[in-house]
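S.K.:
Numbering (the working numbering), first residue to last: 1 to 66.
This is the structure:
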């Protein structure tokens, strides 16, 4: 599994913002869809945190890394 944290300035919001990406490790028992080009297509789930916390709340308060 790879964990990527990115901090950036959002021109739309007008403030510094951040995002966290968890990229799963490919294993033989996981089935990912193949694109026409032959590359793997990884399933995506977007989790928004709302107004009271930041993007790290999903890592700190859940077992999403499992």
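C-beta: ideal position from N, C-alpha, C; glycine also.
Who are the near neighbours of residue 7 in its chain, counting only those whose CB is closer than 8 Å to its CB and skipping five residues on each side?
M.R.: Numbered from its first residue, the chain shown carries residue 7 at position 7. Here the set comprises 16, 17, 18.
S.K.: Relative to the alpha-carbon of residue 4, which residue among 11, 14, 21, 48 has its alpha-carbon at the smallest distance?
M.R.: Against the chain shown, residue 4 aligns to sequence position 4. For residue 4, the nearest C-alpha among the options comes from 21.
S.K.: Thinking C-alpha only, which one of 51, 41, 40, 61 is nearest residue 13?
M.R.: By 1-based counting over the chain shown, the position of residue 13 is 13. That would be 51, whose Cα lies nearest to the Cα of residue 13.
S.K.: In chain order, what residues of the same chain lie with their CB nearer than 8 Å to the CB of residue 57, ignoring the 5 residues before and after it?
M.R.: The residue given as residue 57 occupies position 57 in the chain shown. 49, listed in sequence order.
S.K.: Please list the terminal residues of the continuous alpha helix (DSSP H) segment that includes residue 13.
M.R.: Stepping through the chain shown from its first residue, residue 13 is reached at position 13. Unbroken run through residue 13: none, as it is neither H nor E.
S.K.: The alpha helix (DSSP H) spanning residue 57 covers which residue range?
M.R.: Position 57 of the chain shown holds residue 57. Where residue 57 is concerned, the enclosing alpha helix (DSSP H) stretches over 57-60.
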